[in-house]
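**Student:** Residue numbers (this note's numbering): 4 to 415.
Even glycine gets a Cβ: it sits at the ideal position worked out from N, Cα and C.
Source: prediction; values computed, not measured.
I have a structure here, written as structure tokens, and I will follow up with some questions on it.
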Amino acid sequence: MLAQRMSSLLEPGTAAAREIARIAAAAGRPIVDLAAGEVVIGLPPTVREGAIAAIEAGANRYTDSIGIEPLREAVAEKLTASTHVNWAAQNIVITNGAKQALLNAVFAILDPGDEAIIFRPCWPTIPSQVLLAGAKPVFVDVKPPTYIPTLEAIHAAVTSQTKAIILNSPNNPTGAVYDRTTLQAIGDLAVNYQLWIVSDECYSSFVFNGHGHESIVTAHPGVRAQTILVNSFSKELAITGWRLGYFAAPPAIVSAAKKLQSHMTSNVNVIAQHAILHHLKVSDGSFERDMFKRLASARRDGIAVLSRLVDVQTPLADGSFYFYLDLGERIAKLPVNGPVQGIDDIARILLEEAGVAAVAGSTFGDPAGLRLSFGAPGELLIPALERVVDTLNALNDRQRPKDVFSRSGGLS
Ligand code: PLP
Numbered sequence: 004m005l006a007q008r009m010s011s012l013l014e015p016g017t018a019a020a021r022e023i024a025r026i027a028a029a030a031g032r033p034i035v036d037l038a039a040g041e042v043v044i045g046l047p048p049t050v051r052e053g054a055i056a057a058i059e060a061g062a063n064r065y066t067d068s069i070g071i072e073p074l075r076e077a078v079a080e081k082l083t084a085s086t087h088v089n090w091a092a093q094n095i096v097i098t099n100g101a102k103q104a105l106l107n108a109v110f111a112i113l114d115p116g117d118e119a120i121i122f123r124p125c126w127p128t129i130p131s132q133v134l135l136a137g138a139k140p141v142f143v144d145v146k147p148p149t150y151i152p153t154l155e156a157i158h159a160a161v162t163s164q165t166k167a168i169i170l171n172s173p174n175n176p177t178g179a180v181y182d183r184t185t186l187q188a189i190g191d192l193a194v195n196y197q198l199w200i201v202s203d204e205c206y207s208s209f210v211f212n213g214h215g216h217e218s219i220v221t222a223h224p225g226v227r228a229q230t231i232l233v234n235s236f237s238k239e240l241a242i243t244g245w246r247l248g249y250f251a252a253p254p255a256i257v258s259a260a261k262k263l264q265s266h267m268t269s270n271v272n273v274i275a276q277h278a279i280l281h282h283l284k285v286s287d288g289s290f291e292r293d294m295f296k297r298l299a300s301a302r303r304d305g306i307a308v309l310s311r312l313v314d315v316q317t318p319l320a321d322g323s324f325y326f327y328l329d330l331g332e333r334i335a336k337l338p339v340n341g342p343v344q345g346i347d348d349i350a351r352i353l354l355e356e357a358g359v360a361a362v363a364g365s366t367f368g369d370p371a372g373l374r375l376s377f378g379a380p381g382e383l384l385i386p387a388l389e390r391v392v393d394t395l396n397a398l399n400d401r402q403r404p405k406d407v408f409s410r411s412g413g414l415s
């Protein structure tokens, strides 16, 4: 008999979609994986050099559970430059990806009975971790095309139990990038009600709307003392498997995480820590620039293909590296009792007929959404998106044989 907490955890949908794609590919069916939350690109040479140097130097012991001091200093420097707010090593915790940073955050601030406001559609780990902490996720639904919450909706979700607002901009899955006014309004609200803000900014390198990324602590410096700012090298350097994330927070949260990580995982892999430190010291940023350029052109070409969709708005895709389609209108026009009933059927048809793995919005708490990553190589991405468009535009045609049959009934 498993513990009760296991029944409340959401399925990690992205992993499931990828597993289906892997099985299909193993069975000889070519599948293009647009479900992955990662960019397919080589390893940054500076990370490789740093890892090799660490191995050769015999770096094989435990480190401080919150990371080696020089890396914490380097991350503080990097964050100070990007947020225009001063951070020191004492604010920084090195974690096993943004995922562990977020888990530390909710474990450190939420008690059973507390509520955390989450904007939905959302990456499913966020509510799952709140549940693991024994607290209650309170969802605020955000709407297409912007998927940015209104202040009224957030206000309406605040109760006497609210302890935190968890935000994620640039957003997975929607690609939304919260504007300064929204960030300031969320900051004001957090200050007024004395709430924690957990700000997941792990897609901060990928903003395509021309304004760049703005952290909540930049938009509203007054909220810094109650903010846990989460980030990661997973997406920024396309090293998801290296498990190198971090958060910046007031020292009390850092001390809490020191205990938590010590009891749960100890330190992040020591080689990865040295590799990233080396990267931060010597890199000229060309890897990041090249990746950004590649993604920007994939986004532009992808948007051109997706603009052919009928009854589906072309996604804004302002940030992260996902096209998030709102198929609500399309789904509403599907015949009742037809073979296609909703977003899960649509994702299945795309896999089986277009050979494309996508993530159904149900994974993110949205029955109308479909997420397609543009981190796949361009030569695979564009033909795959063309097949997606053709398949989605022809969805209703599936009903025609039945209609033709009934109309032609009198001819036989
Ligand atoms: N936060 C969001 C919104 C994500 O999409 C992901 C991964 O997909 C993460 C956090 C976790 O990233 P990491 O690999 O750094 O743990």
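Check whether the Cβ atoms of His282 and Thr49 sit closer than 7 Å, and answer yes or no.
**Tutor:** yes
**Student:** Ordered along the chain, which non-local residues of its own chain (more than five positions away) have a Cβ less than 6 Å from that of Arg75?
**Tutor:** Spatial neighbours of Arg75 in its own chain (CB-CB distance under 6 Å, excluding positions within 5 residues in sequence) are listed in chain order as Ala92, Ile95.
**Student:** Under a three-way DSSP split, which group does Lys166 fall into?
**Tutor:** strand
**Student:** In the DSSP output, what is Asp203 paired with across the bridge?
**Tutor:** Asn171, Val233
**Student:** Looking only at C-alpha atoms, which of Ser10, Pro124, Pro115 sits nearest to Pro374?
**Tutor:** What sits at residue 374 in the sequence shown is Arg, not Pro. Minimum Cα distance to Arg374 is reached at Pro124.
**Student:** Among Gly178, Ala188, Arg183, Pro224, which one has its Cα closest to the Cα of Cys205?
**Tutor:** Gly178
**Student:** Looking at the ligand PLP, does it come within less than 6 Å of Trp126, judged from the CB to the closest heavy atom?
**Tutor:** Correct: Trp126 has its Cβ closer than 6 Å to the ligand PLP.
**Student:** Label Gly213 either buried or exposed according to how many other C-beta atoms from any shown protein chain fall within 10 Å of its C-beta, with 16 as the threshold for buried.
**Tutor:** exposed
**Student:** Under a criterion of Cβ closer than 6 Å to any non-hydrogen atom of the ligand PLP, which residues qualify, in chain order?
**Tutor:** Gly40, Gly100, Ala101, Lys102, Trp126, Asn171, Asn175, Asp203, Cys205, Ser235, Ser237, Thr243, Gly248
**Student:** Taking 6 Å as the limit between beta carbons, can you name the residues of its chain near Leu388, skipping five residues before and five after?
**Tutor:** Within the same chain, Leu388 has close Cβ partners Gly305, Val308.
**Student:** Exposed or buried, what is Val78 when buried is set at 16 or more other beta-carbons lying within 10 Å of its beta-carbon?
**Tutor:** buried
**Student:** Short check: CB of Ala278 to CB of Leu37, under 7 Å?
**Tutor:** no
**Student:** Tell me the residue span of the beta strand (DSSP E) that contains Ala119.
**Tutor:** 118 to 123
**Student:** Just list the residues that DSSP pairs Tyr249 with in beta bridges.
**Tutor:** Ile97, Asn234
**Student:** How big is the Cα-Cα spacing for Val43 and Ser237?
**Tutor:** 12 Å
**Student:** Counting along the chain, where does the alpha helix (DSSP H) carrying Ser85 start and finish?
**Tutor:** 72 to 86
**Student:** Please report how far the alpha carbon of Arg32 lies from the alpha carbon of Glu356, in whole angstroms.
**Tutor:** 10 Å
**Student:** Out of Gly322, Val315, Leu319, point me to the one whose CA is closest to Lys336's CA.
**Tutor:** Val315
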